[in-house]
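Sequential numbering of the sequence shown, starting at 35, is according to our numbering. Working notes, beginning with the structure itself.
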Amino acid sequence: MKLGLSLGYSGAHMKLPVKTVQLAEKLGYDSVWTAEAYGSDAVSPLGYLAACTERIRLGAGILQIAARTPTAAAMAMGTIDALAGGNRAIAGLGMSGPQIVEGWYGQPWGKPYWRLRDYVTIMKKTFKREAPVSHDGREISLPFTGEGAMGIGKPLKSILHMNPDIPIWLGTATETNVRLTAEIADGWLPLNFVPGSMKVYLSLIHI
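Quick look at the structure:
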C-alpha cells in the first residue's frame, strides 16, 4: 500500500502546507495531490512543491480538461516533471461537471466519454514525441480544421523532450467512464470511493 496526501482546494486565500508535505515525504508518503475548481489551479502549486521536495510524487488531482487543451495539459505536466528531476509528475484528469464546464469555462458539456478518450490520446502522443501530434477525434482534433480555421495548421512536436511515460490517471465515476479508465489510463481516482465499495467497481475495471 502507498500513501498519498491530498491538499484539496485552496479556499479564499492561497496557502500551501509546505511543512506538512515535507513531513509526509520524510515519512515515506508516495505522493501529494493538488486540486482545482473555479479558483486556484492545480499546476502552479505542484511547481512550488517541486522546489521544496526531493522525492515525493506530484499529482494533479484533478486537472479539469475544460480548463486547457490536451497539449497545454501535457506541456504543464511535462514541465513540472522536468523541473522536479523526472519521474515525479502524475497527470490526474477529469471532466468536472456541466455547471463548471459551461458556467466557468464557457464550453459545451459535449460528450465526456469521447472528450476524455481524445484528450488522453493526444497527451500520450505529446509526451512520447514519436511523431508530430495529429489526431482525428470525435470531440478533439489536431490540427484544427473546423469552422473558422485558416487551413494552415500543421502537426507539431514538443520542443521540450518530456518524460514519455508520465502517468495519466482519470477521475471518473460513471460505469462507462470507469470502463474507459481501465482501458486507457494508468491509474484511477475514484469519486466518492470507500473501501467497502470496491466490489461495485470490480466488474468495471477488469476489461
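For each residue, glycine too, the CB sits at the ideal point set by N, CA and C.
Please name the residue or residues paired with isoleucine 202 in a DSSP beta bridge.
Ala125
Within the same chain, show all residues whose beta-carbon is closer than 7 Å to that of threonine 215, passing over the 5 residues directly before and after it, in chain order. Leu204, Thr206, Trp222
Proximity of phenylalanine 161 and methionine 196 at Cβ, strictly below 8 Å:
yes
By DSSP, does aspartate 30 sit in helix, in strand, or in coil?
-> The shown model of the chain, from 35 to 241, leaves out residue 30, and the question about it has no answer.
Checklist entry - What is the residue span of the beta strand (DSSP E) that glycine 93 lies within? => result 91-94
Item to check | Selected residue, minimal CA-CA separation from threonine 155, among Ser192, Pro104, Leu194, Pro177 | outcome: Pro104
Review point. If you drop the 5 nearest sequence neighbours on each side, which residues of the same chain put their C-beta closer than 8 Å to that of glutamine 133?
Key: none
Check: Between glutamate 209 and the rest of its own chain, which residues show a CB-CB distance below 7 Å, the 5 nearest in sequence each way excluded?
Finding: Leu238
Does the Cβ-Cβ distance between alanine 219 and isoleucine 200 come in under 8 Å? no
In chain order, what residues of the same chain have a beta carbon less than 6 Å from the beta carbon of proline 142, not counting five sequence neighbours either side? none
Quiz item: Expressed to the nearest angstrom, what Euclidean distance is found between the alpha-carbon atoms of proline 229 and serine 65?
Solution: 19 Å
For arginine 122, is the classification buried or exposed, using 16 other Cβ atoms within 10 angstroms of its Cβ as the cut-off for buried?
buried
request  = Just tell me which of Gly144, Lys36, Ala69, Asn226 has its CA closest to the CA of lysine 49.
outcome  = Ala69
TODO: Measure from the alpha carbon of alanine 101 to the alpha carbon of each residue in Ile124, Gly112, Ala76, then state which is nearest.
DONE: Ala76
Pick out whichever of Pro51, Arg151, Ser74 has its Cα sitting closest to the Cα of serine 44.
-> Ser74
Opening and closing residue of the beta strand (DSSP E) in which leucine 39 lies = 38-40
(message) Quick check: what's the CA-CA separation for alanine 58 versus glycine 126?
(response) 20 Å
Legend entry - Segment contact, 8 Å Cβ cut-off, at least three pairs: the region 108-117 with the region 79-98: yes
Practice task
Along the beta strand (DSSP E) that carries valine 52, what are the first and last residues, could you check?
Solution key: Counting along the chain, valine 52 falls outside any beta strand (DSSP E), though it belongs to the alpha helix (DSSP H) covering 52-60.
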